[in-house]
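Below is one structure; the comments refer to it alone.
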Amino acid sequence: MIELPLHQLAGHIRWFPRATAGPTTLAEHVLATRVGRLWADRADRPRTVAVACAGHVLLCGDPGTLDPAAVAPLANRYVLASSRFLPVLGAAFDRVVPWERMVYVRREEPAAPRAPRGVTVRRLSAADAHALAVIGSDSAWIHASWGGATGLAGSGHAWGAFHRDRLLAVACTYFLGSRYEDIAVVTVPDHRRQQLALSCVLALCADVEARGRSATWTCSRYNRPSRLLAWTAGFRLEHEYVHHSTGSVRPQVFSDRRLPASL
Numbered sequence: 001m002i003e004l005p006l007h008q009l010a011g012h013i014r015w016f017p018r019a020t021a022g023p024t025t026l027a028e029h030v031l032a033t034r035v036g037r038l039w040a041d042r043a044d045r046p047r048t049v050a051v052a053c054a055g056h057v058l059l060c061g062d063p064g065t066l067d068p069a070a071v072a073p074l075a076n077r078y079v080l081a082s083s084r085f086l087p088v089l090g091a092a093f094d095r096v097v098p099w100e101r102m103v104y105v106r107r108e109e110p111a112a113p114r115a116p117r118g119v120t121v122r123r124l125s126a127a128d129a130h131a132l133a134v135i136g137s138d139s140a141w142i143h144a145s146w147g148g149a150t151g152l153a154g155s156g157h158a159w160g161a162f163h164r165d166r167l168l169a170v171a172c173t174y175f176l177g178s179r180y181e182d183i184a185v186v187t188v189p190d191h192r193r194q195q196l197a198l199s200c201v202l203a204l205c206a207d208v209e210a211r212g213r214s215a216t217w218t219c220s221r222y223n224r225p226s227r228l229l230a231w232t233a234g235f236r237l238e239h240e241y242v243h244h245s246t247g248s249v250r251p252q253v254f255s256d257r258r259l260p261a262s263l
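In full-length UniProt numbering, the protein residues as written are 1 to 263.
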């Protein structure tokens, strides 16, 4: 596959689900934010198209148009695609591991918890970029879909719990869709179990609903703490799906071929 300029996504957006709940909002998010990458099997009248953001990929089209070398740019990512793509993915990568996932949609309005003494829950602004950046290396994924801490802090789509100038928890729109916003949340380890995440999530959900959209929540089937938090915040199960974690490219895939420049 060849990489295309992101401005061409508008012409290819029809390939991807729209106004659907969960990670399928990824394509709309990339279209709106210009954070991500776009590939196709050919530049003119493509038969297969892939869009990626924050390590996640939507792959659509005809797998018969691809050989294993063509999907090399999708190495070490989470790929959501029809099962028809599994043979080519399996031939291309040293591992293709299925992950069972669950998508929740917010249906109920629970009572908001009271923030601990000295903690303020508010919307993040551009001035909070540094506080977001230093929340912890293990939590850097939270701003990946916005291109980094500066992008998320200035987006208007994140709410945080602050003690003085320290950010203790943050909830944000991870993928911004036209009908749904798929959200994510993280809390620094030494301030968990204080309902800070719940406070941030409820504030963010009110914001999402004020924009005329619905908040969704996506997590692993086996992530019990995430599922419990989602339920407490009023989310109810909508559907389940499977995406696949890809590994490294098999060396034999290319033999004498040169790796694609976009890998």
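Glycine is no exception: its CB is placed at the ideal position from the N, C-alpha and C atoms.
In the same chain as S248, and ignoring 5 residues on each side of it, the C-beta atoms closer than 7 Å to its own belong to A75, N76, F93, D94, in chain order. Of the candidates T33, T120, I183, A43, the residue whose Cα lies closest to the Cα of R166 is T120.
Burial state of E109 is exposed, judged by a 10 Å Cβ sphere holding fewer than 16 other Cβ atoms.
DSSP lists S214 as the beta-bridge partner residues of Y180. With contacts defined as CB atoms closer than 8 Å, S155 and R179 fail to qualify as a contacting pair. Taking all protein chains shown into account, Y222 has fewer than 16 neighbouring C-beta atoms within 10 Å of its C-beta and is therefore exposed. Taking T150 as the centre and dropping the five residues before and after it, the same chain places the C-beta of A129 closer than 6 Å to its C-beta, in chain order.
Non-local C-beta neighbours of A52 in its own chain, meaning closer than 7 Å and more than five positions away in sequence, comprise G36, R37, R77, ordered along the chain.
Taken through DSSP and simplified to helix, strand or coil, A161 comes out as strand. The C-beta separation of D182 from T216 comes to about 5 Å, placing the pair in contact by the 8 Å criterion.
In this structure, the alpha-carbon of V242 lies about 25 Å from that of G147.
Cβ-Cβ separation between T187 and L89: approximately 34 Å, too far for a contact (criterion under 8 Å).
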